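Heads up, the thing below is written out as structure tokens.
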Ligand SMILES: [Fe+2]
């Protein structure tokens, strides 16, 4: 008779036990409940696969020889959609255990022989819980780092945006020009079939391509008449000044070639995109 047993946890670790012998489920239920684990016991291996699809478990303990499918097949199915579940395999006798190669391939973290005492299993569970908690901590730290990084990128982007508006404020010609360059570049990029990442690079590159004008004296930038050769030579420095401003942040790495070469003819230096 198929039977499911469920208890509530006290330590936040949810364990799924899969064994077609109800006796094992009952014993482990008492044992794991006493140790403070949230326990779900399933006698049908196929149901176990469905459970892992719809519910979160931290650790799974499963029997090897079961019907209609064996433990290694259960793990093989689960690994197709869940690579993170910590899995311990129970075997009736070590001669009946799957080959070590299978255990490694399926990323089964440990196995032990069934016994009336659960000492060995308890040790495996405890080391599993330590690994699970470490992984949780690493994930949390990664999330915090990601958040902090996103905030830093946003702050840098905002400060460059301020610089862009400063250039536009002092040079009426540039006003709105960068937005149009950005917009048209993306349209051309789409026509050329560029991917989303490259289109984004084009968009940001267009917005900031003239940022180097911030380093050009007003007397030259705003001069109503014809520029002298020296003044013209100075204004030609604005792509290099722009590169210098943007090179302080790794997030602008991809747009630097656009800024650097934006006055090159199309048959001059080539701007390369990642494919
Ligand atoms: Fe320019």
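Numbering (our numbering), first residue to last: 14 to 288. Backbone N, C-alpha and C fix where the C-beta goes; we use that ideal spot for every residue, glycine too. These figures come from a predicted structure and were not determined experimentally.
At a cut-off of 8 Å, would you count residue i as near ligand 1, judging by its Cβ distance to the nearest heavy atom?
i           : result
residue 252 : yes
residue 2   : With the chain represented from 14 up to 288, any question about residue 2 goes unanswered, as that position is not in the structure.
residue 276 : yes
residue 11  : Any question about residue 11 goes unanswered here, given that the chain covers just 14 to 288.
residue 223 : yes
residue 149 : no
residue 226 : yes
Decide if residue i is buried, meaning its Cβ has at least 16 other Cβ atoms within 10 Å, or exposed.
i           : result
residue 128 : exposed
residue 42  : buried
residue 156 : exposed
residue 161 : exposed
residue 148 : exposed
residue 239 : exposed
residue 165 : exposed
residue 152 : exposed
residue 278 : exposed
residue 158 : exposed
residue 230 : exposed
residue 177 : buried
residue 111 : buried
residue 188 : exposed
residue 163 : exposed
Taking the continuous beta strand (DSSP E) assigned at residue i, which residues delimit it?
i           : result
residue 27  : 27 to 31
residue 79  : First-last for residue 79: undefined, no H or E at that position.
residue 126 : 123 to 126
residue 265 : Unbroken run through residue 265: none, as it is neither H nor E.
residue 52  : 51 to 55
Identify which residue in the options has its Cα closest to the Cα of residue i.
i           : options               : result
residue 86  : 102, 279 and 163      : 102
residue 124 : 74, 118 and 89        : 74
residue 233 : 245, 141, 61 and 212  : 245
residue 253 : 269, 81 and 264       : 269
residue 190 : 167, 221 and 161      : 221
residue 170 : 260, 193 and 150      : 260
residue 267 : 248, 187, 229 and 210 : 210
residue 29  : 177, 48 and 53        : 53
residue 26  : 142, 272 and 134      : 142
residue 228 : 39, 272, 258 and 199  : 258
residue 223 : 193, 51 and 118       : 193
residue 276 : 255, 63, 109 and 81   : 255
residue 31  : 139, 55 and 134       : 55
residue 81  : 57, 99 and 68         : 57
residue 202 : 219, 188 and 186      : 219
residue 264 : 88, 217 and 144       : 217
residue 298 : 70, 68 and 78         : No answer is possible for residue 298: the residues shown for the chain start at 14 and end at 288.
residue 184 : 226, 174 and 213      : 226
residue 115 : 69, 199, 175 and 89   : 89
Along the alpha helix (DSSP H) that carries residue i, what are the first and last residues, could you check?
i           : result
residue 103 : Residue 103 -> not in any alpha helix (DSSP H); beta strand (DSSP E) instead, spanning 99 to 104.
residue 190 : 190 to 204
residue 243 : 242 to 248
residue 213 : 209 to 221
residue 151 : 132 to 183
residue 63  : 58 to 67
residue 119 : Neither: residue 119 is in no alpha helix (DSSP H) and is coded neither H nor E.
residue 111 : It is not in any alpha helix (DSSP H) - residue 111 carries neither H nor E in the DSSP assignment.
residue 277 : No alpha helix (DSSP H) holds residue 277; DSSP gives it neither H nor E.
residue 46  : 35 to 47
residue 231 : 231 to 234
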